[in-house]
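*Asks:* Its first residue numbered 1, the sequence shown is counted upward by one per residue in the numbering used here.
Quick reminder that beta carbons are idealized off the backbone N, C-alpha and C, glycines included.
One structure coming up, written as structure tokens, with questions to follow.
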Amino acid sequence: MKHPLTTTVLLLALFLATQFIGLALVATVMPVTSTDDGTVVVEAPDTALGPPPETTATGGLLMILLGVTLGTVLILLLVKFKRFGLWKVWFFLAASLTMTVSFGVILGPRYYLLAGIIGFVLGGLKTWRPRPGVHNFTELFIYPGITILFYHILSVPVMLVLLALISVYDVIAVLRSKHMVSMAKFMTESQVFAGLAVPRELKMPTKKASTATGKLPKASALPQTQKRSTAILGGGDVAFPLLFAAVVMKELVAGGVTKLAAFGFASIISVFALGGLALLFFTAEKHKFYPAMPAVSAGCVIGWFIILILQVII
């Protein structure tokens, strides 16, 4: 097992909670209308940041791939030159804006300003006063915000292509070039990580080590056995299965399925994505990095096939 059981269960619970919260927020904000001939139309949602991007499904795929490529290059430059400050500013803006979108759905259009205030306050705490509770709580709303901005411009076939491409990239980035490992270490060192992060059990420093100054020593000053260790799950491993499930939910609604039923169907994808992730965690070895997207993507595809079968049976 890669992580202690308690840590693994908590990490999986946070993953599933993010998926369900994201699907619930997408279902809430998804505008659905009907034409005179009874055709169901799913329109682009309104958000606290204004109208989301409008393009074709292929254009959306290219937009995401370009974003991933440019983002990776920029982060690698920050890693090379150890520019922790720039990374924190970038992360703060991205986290704050996406949380603003999520809280805008929760509070409604009338309170978009309040949603922005909450988003930026939490973004500031997350970036400059990092605590495990604050970090993981905010993660629950970052990926739903991203999903709300992009789900309506994508289709299931395009998402299947995207999952395949991201899975291949994940394998190369983690096992071959290993630049994903360098990025993860850089983020961990900066104390600002884009993804779920659950501390492992920490052996507290002795009384003798802490009473000299009246403060606990920094983690970098602790012996190796006392350093804080954290179990992490990258943001992409959380965002892409949620985006796929949201796109499936959108197309189910467009096909005449009620929002509630579509939410239930899409949740199957989330559960099987969780299963793929759990299988990876329980079979992986300690102190090794593994690409999570292949296992998560496999779970997503299995869940999608089950939805297709259930639609035929029901």
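Please state if the CB of GLY276 and the CB of VAL301 are separated by a distance shorter than 7 angstroms.
*Replies:* Going by C-beta atoms, VAL301 is not nearer than 7 angstroms to GLY276.
*Asks:* Are LEU149 and LEU196 closer than 7 angstroms when you measure CB to CB?
*Replies:* Not in contact: LEU149 and LEU196 (Cβ atoms no closer than 7 angstroms).
*Asks:* Excluding five sequence neighbours on each side, which residues of the same chain lie with their C-beta closer than 7 angstroms to the C-beta of PRO51?
*Replies:* Taken in chain order, the residues that qualify are ALA44.
*Asks:* Using a Cβ-Cβ cut-off of 6 angstroms (strictly less than) and excluding sequence neighbours within five positions of MET281, which residues of its own chain qualify?
*Replies:* It is Phe, not Met, that sits at residue 281 in the sequence shown. Around PHE281: LYS2, THR8.
*Asks:* Distance, Cα to Cα, ALA262 vs MET293?
*Replies:* The alpha-carbon atoms of ALA262 and MET293 are separated by roughly 24 angstroms.
*Asks:* Taking DSSP as the reference, what is the three-state secondary structure of THR58?
*Replies:* In the structure shown, THR58 sits in a helix (DSSP, three-state: H, G or I).
*Asks:* Throw me the rounded Cβ distance for the VAL158 and ALA273 pair, which I believe falls under 8 angstroms.
*Replies:* Incorrect: roughly 18 angstroms between the Cβ atoms, too far for contact.
*Asks:* GLY195 bridges to which residues according to DSSP?
*Replies:* Paired residues: GLY234.
*Asks:* On the DSSP letters alone, give me the boundaries of the alpha helix (DSSP H) that SER182 sits inside.
*Replies:* Here the alpha helix (DSSP H) through SER182 covers 179-190.
*Asks:* Apart from the five residues on each side of it in sequence, which residues of its chain come closer than 8 angstroms, Cβ to Cβ, to ASP46?
*Replies:* Closer than 8 angstroms at the Cβ level, and outside the excluded window around ASP46, lie VAL29, PRO31, PRO109.
*Asks:* What does the Cβ neighbour count give for ILE309, buried or exposed, with the cut at 16 atoms within 10 Å?
*Replies:* With fewer than 16 other Cβ atoms within 10 Å, it is exposed.
*Asks:* Alpha carbons only, please: which of LEU25, GLN19, THR72, LEU11 is nearest the one belonging to LYS178?
*Replies:* With distances taken between Cα atoms, LYS178 lies closest to THR72.
*Asks:* Check the C-beta distance from SER270 over to PHE20 and give it rounded, since I have them as a contact under 8 angstroms.
*Replies:* Confirmed, about 7 angstroms.
*Asks:* For the structure I just gave you, are there three or more beta carbon pairs, one from the stretch 54-69 and one from the stretch 129-146, closer than 8 angstroms?
*Replies:* The stretch 54-69 is not in contact with the stretch 129-146.
*Asks:* Relative to the C-alpha of GLY38, which residue among SER267, GLY255, PHE265, PHE15 is closest?
*Replies:* When only C-alpha atoms are compared, the closest one is GLY255.
*Asks:* Exposed or buried, what is GLY133 when buried is set at 16 or more other beta-carbons lying within 10 Å of its beta-carbon?
*Replies:* Its Cβ having fewer than 16 others within 10 Å, GLY133 is exposed.
*Asks:* ILE307 to ALA266, Cα distance in whole Å?
*Replies:* ILE307 and ALA266: Cα-Cα distance of roughly 8 angstroms.
*Asks:* State yes or no: is the C-beta of VAL247 within less than 7 angstroms of the C-beta of LEU154?
*Replies:* Yes, they are a contact pair.
*Asks:* Could you give the uninterrupted runs of the alpha helix (DSSP H) lying entirely in the stretch 227-293, keeping only those of 4 residues or more?
*Replies:* Entirely contained in the stretch 227-293, the alpha helix (DSSP H) runs reaching 4 residues are, in chain order, 235-254, 259-283.
*Asks:* Pick helix, strand or coil for THR100, following the three-state DSSP scheme.
*Replies:* In the structure shown, THR100 sits in a helix (DSSP, three-state: H, G or I).
*Asks:* What's the C-alpha gap between LEU62 and ILE146?
*Replies:* Spanning the two alpha carbons is a distance of roughly 16 angstroms.
*Asks:* I'd like the span of the beta strand (DSSP E) that includes SER34, first residue to last.
*Replies:* Per DSSP, SER34 belongs to the beta strand (DSSP E) from 32-34.
*Asks:* Go ahead and label HIS287 buried or exposed: buried means 16 or more other beta carbons lie within 10 angstroms of its beta carbon, across all protein chains shown.
*Replies:* With fewer than 16 Cβ atoms within 10 Å of its Cβ, HIS287 is classed as exposed.
*Asks:* Tell me the residue span of the alpha helix (DSSP H) that contains VAL134.
*Replies:* Segment 132-150, the alpha helix (DSSP H) holding VAL134.
*Asks:* What is the residue span of the alpha helix (DSSP H) that VAL174 lies within?
*Replies:* Where VAL174 is concerned, there is no enclosing alpha helix (DSSP H), given that its DSSP letter is neither H nor E.
*Asks:* For THR8, which of helix, strand or coil comes out of DSSP?
*Replies:* DSSP places THR8 in helix when its eight states are reduced to three.
*Asks:* I'd like to know whether the C-beta atoms of LEU16 and SER102 end up nearer to each other than 7 angstroms.
*Replies:* Not in contact: LEU16 and SER102 (Cβ atoms no closer than 7 angstroms).
*Asks:* Excluding sequence positions up to five away, which residues of its chain have a Cβ less than 8 angstroms from the Cβ of LYS185?
*Replies:* If we look at LYS185 and ignore the five residues flanking it on each side, it has no Cβ neighbours.
*Asks:* Tell me which residues share the same chain as VAL105 and place their Cβ nearer than 6 angstroms to its Cβ, disregarding the 5 neighbours each side in the sequence.
*Replies:* Only LEU25, THR28, VAL29 meet the Cβ criterion.
*Asks:* Rounded to the nearest angstrom, what separates ALA231 and LEU122 at their Cα positions?
*Replies:* So the alpha carbons of these two residues sit roughly 22 angstroms apart.
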